[in-house]
Amino acid sequence: MANTDLYEYPPELREEFEATEAIQFRDGSSATAADVWHFMTEIAPKRYPFAYTQKKYAGVRLSRDIHLPSAIKNHYLLLTMNDRITKSRENGAPVIFVQGGQSVDPYYAAGGIALRPASVGLWARGRHEGLGLNEEVVRQHKQKEKAYHAISFEACQTAGYENIQEGGLPIDMVAPFTCLRCSDISYGVEAHRHGPNKAVKLMNIDYPMRHQADKKWAVEYFAQNLRRLTNEIGKLAGRDVTDDDLSKEIRLHNEGRRLAIETAELWWSADLPPTNGVDRRSLYQMGGMEVHGDPSASLTVLRESHAYIKERVKKGIKAEGVVDKPIRLFVCGSCVFPNDFRIEEAGAIIVGQDNHWSDISTLVEEDGDPYQNLAHAILSYPYEQSVELRAAWTIEQLKKSRADGVLFLYQWGCNTQSAIARMLCDTIKRDTGIPTMIIEQHEGGSEQSEQLLNRVNAFIEML
Amino acid sequence: MPIKTLEVIRKRLEDRPAELNKLRENGQKVVGWTGYNVPEEIIHALGFIPIRIAIGGDDRLVEVGGRYASSKNCVFIREIVGAFSENEDPYIQQTDILAFDATCLQNFRAAEVIEYYFKKDVIVLGVPRNFYWEEGKEYFGKEADEFTRLLEERAGVSLDLTKLGESVALYNDIRKTLKSIYSFQAAKDNVISWVEVFDLIQAGDLLDKKEYLALLHQTLAELQALQHNPVIEVDGNDARIFISGSLIPRGDRKLINIITSVGGRIVGDDIWTGILPHLDLDIKEISPAGVALAYLNRTPHAALPYLDLESDRRLKKLHELLAEFKAQGVIYHTLRYCDPFTFKAKETKDVLAKSAIPVLEIHTEYAGSDYEALRTRLEAFVEMIKIKAESAAEVTV
């Protein structure tokens, strides 16, 4: 039964919101701010009540920074994922499962839609309407359990198996990068070979390791992987993919990356945090243009948000719910993060994260062979380098973001991030003296465990 | 009747650490290697002493290693890290250079951890996940060239292709002889057990290669004298067990001891510390890339994902070996957090079920706490196979 005690956007906000910009989609269509308002206040509360939960610490609840239009628009894009992706796919765009924290330029250049694991989960979630928070959490867990049964109970990342093989989600291809950020992903891709859905194409985009960006043959090999990838997606999309297609896409994605870098630098420079942690993360991630399944939509929202952040920083406007001088935490590790609401309640704020930021902050050379350029940029992701290089980049981000402490968080079952946790933290401590803490996170319900949050809170208190 | 050469080998293994120490004092260097596609012939041809770093079975070292890596790494990797931390293993103590490969990403991380905390000189060989693509093979060939270059720097000499050819011939002979010996253990009225052959294979990880080959020839001659015509066939009294899955390194004998203690007879394996790495290695070109590609073209290790179930060579090889050694049941062994094999456990069971081959999955680690639980399960499995075999024999009669 759906929860009837739902959050409502204040009606008096409507006029202010409807004066903001429209979201432009990749297919040329758009959603005006009035369309967004109507969906978010009339339609979504009925279709997706879980997102309107009043539960204070629920990770999925809507941002309460209602004067930041991007917050509402971001939620709009997340809650319309099923409608939009289903429609685009029906119009001929193949949908591809990818890794989180990787650039998606080649997928879009070939006419596809790249969805990272969380976005695939959002698409699947959107197909189940009317669920309250607890019902949605139970649904997700039941679904994940199917993957554990079909693959391994020690799996963290299952490459969307539960939704693609067991949930009928019409993904056309599973083709992530096989980088060190996640060792499970390539085994997850392989697991699809024994699932009932034989229609899904499988490909691992093989990411070389160890000084990879300095090795010509490694860059060449990765470029060959990218060429194979665009060819395969092109076949699914029914088109030939030219070098020019990729060059154009790189330019578009570079715009997002540059804008995210500028937004981050603005955010970090502010005396008072201009947004809460949830909205900060969404803004930075929009620069990667891989969250919403539509780079154009992400980019229009990011462009508008950038102007808002600039204004807030200039006027010294602090985000609602954040204390004046919060403890600034930088999060390292795998694709998880601590509960922002609890962290902010404890008097801290998350100012950055290495995961995702590593690829978003890596610009791609625009002149020359686009495959070689993209391959070189991707193999240069700081997150994928040796511990000393990764630590040096992380320290640079710590300085820029003026972080007081580092949390290294990894998910239960994550073999490769867990294995670098102590080395990275020891290097950071050695070179900066900034305190660090390593935490393992177990998959939880709608909120994180008290055990985890107690430790985070103790760390904040210590800082 | 005991095989006398096995006793000689045991004795040689006892002496080997001191011998290595002496050789190092005389200027020779030891390369400790770990991984699944390390072309050992290149190390050997450059004048290094290759030693395989494959140890297990010590829960205390797992605990120590986990403090440097993490508790989410497979127990084998954690034990290796722990062993470098303690530096008490007589072979680890003798290593000057380490060579790791990136077949398994956890192995790659172990290389980083050991390099970082224990200041070891580590060389890493990149391995393509798309190993069956021509582009992947080309990449691996170039990685092998780079691997050789890094070893040459440390050896202070360039690789002599004549010497490489000699090393390849030596290793080929070792592989061929091991294969011949291996068939004796699976024979009816066998004069050597699988466990003895398993130990014999692992002795080769540590002994001098030329001496090892001579000892293998001696072992084979003894076996041939004792059993002129070994025939592999099912004996009514046996429960013929095949071990598949995660590796079982030196020091880890828990599973093997339980299987034999409950009356199971191990007749084959496809584990990477057993016979599998020595099979189907066909070096067509005497060059670093040629040797490395032959390694990559063997039955692939489970850490290298292959995306088509029907043409998977690992499963094909498993079926071949099961048939060759007339196995009646498979113990699919997975180590804690060994993703390459745990991710394929259900799939392997499903595939073997289609061939009507009984499978028992054993998921374990190096602690002794699950010993009795494993014994109960293995005893039931062995009993089930024996009953099945007896029923089949009655039907045949």
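Residue numbers (my numbering), protein chains in the order written: chain A, 141 to 603; chain B, 9 to 405. Built from N, CA and C at the ideal position, the CB exists for glycine as well.
By the Cβ test, the segment 170-182 of chain B is in contact with the segment 48-62 of chain B, since at least three Cβ pairs between them sit closer than 8 Å. For Ala375(B), the CB contacts under 6 Å within the same chain, skipping 5 residues up- and downstream, are Asp67 in chain order. Taking each of Leu503(A), Pro414(A) and His432(A) in turn and checking the Cα distance to Val463(A), the smallest one comes out for Pro414(A). The residues Gly244, in chain order, have a CB closer than 6 Å to that of Ala401(B) in the same chain once the five nearest residues on each side in sequence are set aside.
The three-state reading of DSSP puts Asp109(B) in strand, counting E and B together. Residues of chain A with a Cβ closer than 7 Å to the Cβ of Ser78(B) are, in chain order, Ser558, Ala559 and Ala561. Taking a Cβ-Cβ threshold of 8 Å, the residues of chain A close to Asn138(B) are Asn344, Asp346 and Asn365, in chain order. Residues are counted here when their Cβ sits less than 8 Å from a Cβ of chain B; for the segment 306-324 of chain A these are Thr318, Leu320, Ser323 and Asp324, given in chain order. In this structure, DSSP gives Tyr340(B) an extended state, which the three-state scheme calls strand. From the beta-carbon of Ala297(B), no residue of chain A is found nearer than 9 Å; the closest lies around 11 Å away. In the DSSP assignment, Pro510(A) falls within the unbroken alpha helix (DSSP H) covering Pro510 to Leu519. Around the beta-carbon of Lys465(A), fewer than 16 other beta-carbon atoms lie within 10 Å, marking it exposed. Setting aside the 5 residues that flank it on each side, Arg166(A) is surrounded in the same chain by Asp434 and Ser436, each with a C-beta closer than 6 Å to its C-beta; the list follows chain order. Counted as a single uninterrupted DSSP element, the stretch harbouring Ser252(B) is not any alpha helix (DSSP H) but the beta strand (DSSP E) occupying residues Arg248 to Gly253.
The beta-carbon distance between Lys325(B) and Thr307(B), rounded to whole angstroms, is 4 Å. This is short enough to meet the 8 Å contact definition.
Residues Gly553 of the same chain have their beta carbon placed closer than 7 Å to that of Glu294(A), with the five preceding and five following residues left out of the count.
The three-state reading of DSSP puts Tyr347(A) in coil, since its state is none of H, G, I, E or B.
Our two residues, Asp109(B) and Ile390(A), have alpha carbons roughly 33 Å apart in a direct line.
Among the residues of the segment 96-125 of chain B, those with a Cβ less than 7 Å away from any Cβ of chain A are Ala110, Leu113, Gln114, Phe116, Arg117, Glu120, Val121 and Tyr124, in the order of the chain. Among the CB atoms of chain B, none fall inside 9 Å of the CB of Gln537(A).
In terms of Cβ geometry, Thr160(A) and Ala173(A) form a close pair [threshold 9 Å]. Note that the C-beta distance between Gln239(A) and Cys322(A) is below 9 Å. The criterion of a C-beta distance shorter than 9 Å is not satisfied by Ser78(B) and Ala486(A). The C-alpha of Ala531(A) lies about 32 Å from the C-alpha of Tyr448(A). For Asp23(B), the uninterrupted alpha helix (DSSP H) run begins and ends at Lys12 to Glu33, by DSSP. Bounds of the alpha helix (DSSP H) holding Trp497(A) are Asp494 to Ile500.
With respect to the 9 Å criterion, Glu328(B) and Tyr361(A) are not classified as neighbours on the basis of their beta carbons. In the DSSP assignment, Lys341(A) is bridged to Met313(A). For Thr350(B), a Cβ of chain A is located within less than 9 Å of the residue's own Cβ. For chain B, the residues of the segment 278-305 of chain A that bring a beta carbon within less than 7 Å of one of its beta carbons are Ala290, Ile291, Ser292, Glu294 and Ala295, in chain order. Taking 3 residues as the shortest admissible run, the segment 233-304 of chain A contains the following complete beta strand (DSSP E) segments, listed from N- to C-terminal end: 235-237 and 253-255. Judged by their CB atoms, Ile240(B) and Ala194(B) are nearer to each other than the 9 Å cut-off.
In the displayed model, Trp41(B) falls within a strand according to three-state DSSP. Per the coordinates, the alpha-carbon of Pro10(B) lies some 29 Å from the alpha-carbon of Ala397(B).
Note that the C-beta distance between Pro136(B) and Tyr125(B) is not below 9 Å.
Shortest Cα-Cα distance from Ile483(A) to any of Leu564(A), Lys375(A) and Phe599(A) involves Phe599(A).
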